[in-house]
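Numbering (this note's numbering), first residue to last: 170 to 393.
Okay, structure first, notes after.
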């Protein structure tokens, strides 16, 4: 019986994917963002390194799928893409600046016609322009190439069908995973303001599935 149910679920998802293929539309989103915050000195002797606020400029290019499948609906039609950030690390002489290149996953928590509450996950690489080899004061990062991870919480307001402004807060971490030492890492807390432009309008005819009526949503998502 379980095997039969599994097979039926598989066929249903595959058929659904075929039926909705003709209605599949995508919206490409461009976003530019400004950050203002600080490096968090998680060790007391890092306090002398942080002399100024951390300032960053960021751009993102994302794609939002209107694919009316169960997985897209369950995750409230997320967008995904790439991003680039150039950030000043709070001390131009001792820490310098960094360039970040990362993948982006943007998932709405609440999404209405005008307002949205969402969180964003970023993961990629960071290039430090003044590691320990170039600045003997930079005891936080010893290698130029590092890992980067970030988590944003944002509120968005759409003032036209394809334009939106956002306010958010982000926590991020830069580290080389102790491939080279010293590697204390850099933790950041920043506040952000962003402008988003969609190149094509979002499809209004989306099919939403009720999570409570689905017996095993993860089973459906695995095949899409």
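Quick reminder that beta carbons are idealized off the backbone N, C-alpha and C, glycines included.
As the structure is a computational prediction, the values presented were derived from the model and not from experiment.
Beta-ladder partner(s) of residue 196, from DSSP: 233
Cα-Cα separation between residue 328 and residue 366, rounded to whole angstroms: Our two residues, residue 328 and residue 366, have alpha carbons roughly 11 Å apart in a direct line.
Secondary structure of residue 311, DSSP reduced to three states: coil
Cβ neighbours of residue 276 in the same chain (closer than 8 Å, five flanking residues each side left out): 244, 245, 247, 287, 288, 289, 290
Buried or exposed (CB count within 10 angstroms, at least 16 for buried), residue 213: exposed
Residues bridged to residue 319 (per DSSP): Beta-bridge pairing links residue 319 to 291, 341.
Reference residue 263, options 283, 249, 308, closest by Cα: 308
Residue span of the beta strand (DSSP E) that contains residue 360, given as start and end: 355-367
Backbone CA spacing between residue 358 and residue 340 [nearest angstrom]: 5 Å
Supposed close pair residue 268, residue 315 - CB separation, criterion 8 Å: Going by Cβ atoms, the distance from residue 268 to residue 315 rounds to 11 Å, so no, they are not a contact pair.
From 210, 272, 283, 319, residue whose alpha carbon lies closest to that of residue 204: 319
Where the beta strand (DSSP E) containing residue 330 begins and where it ends: Careful: residue 330 lies outside any beta strand (DSSP E) and carries neither H nor E.
DSSP bridge partner residues for residue 296 (one or two, in chain order): 268, 314
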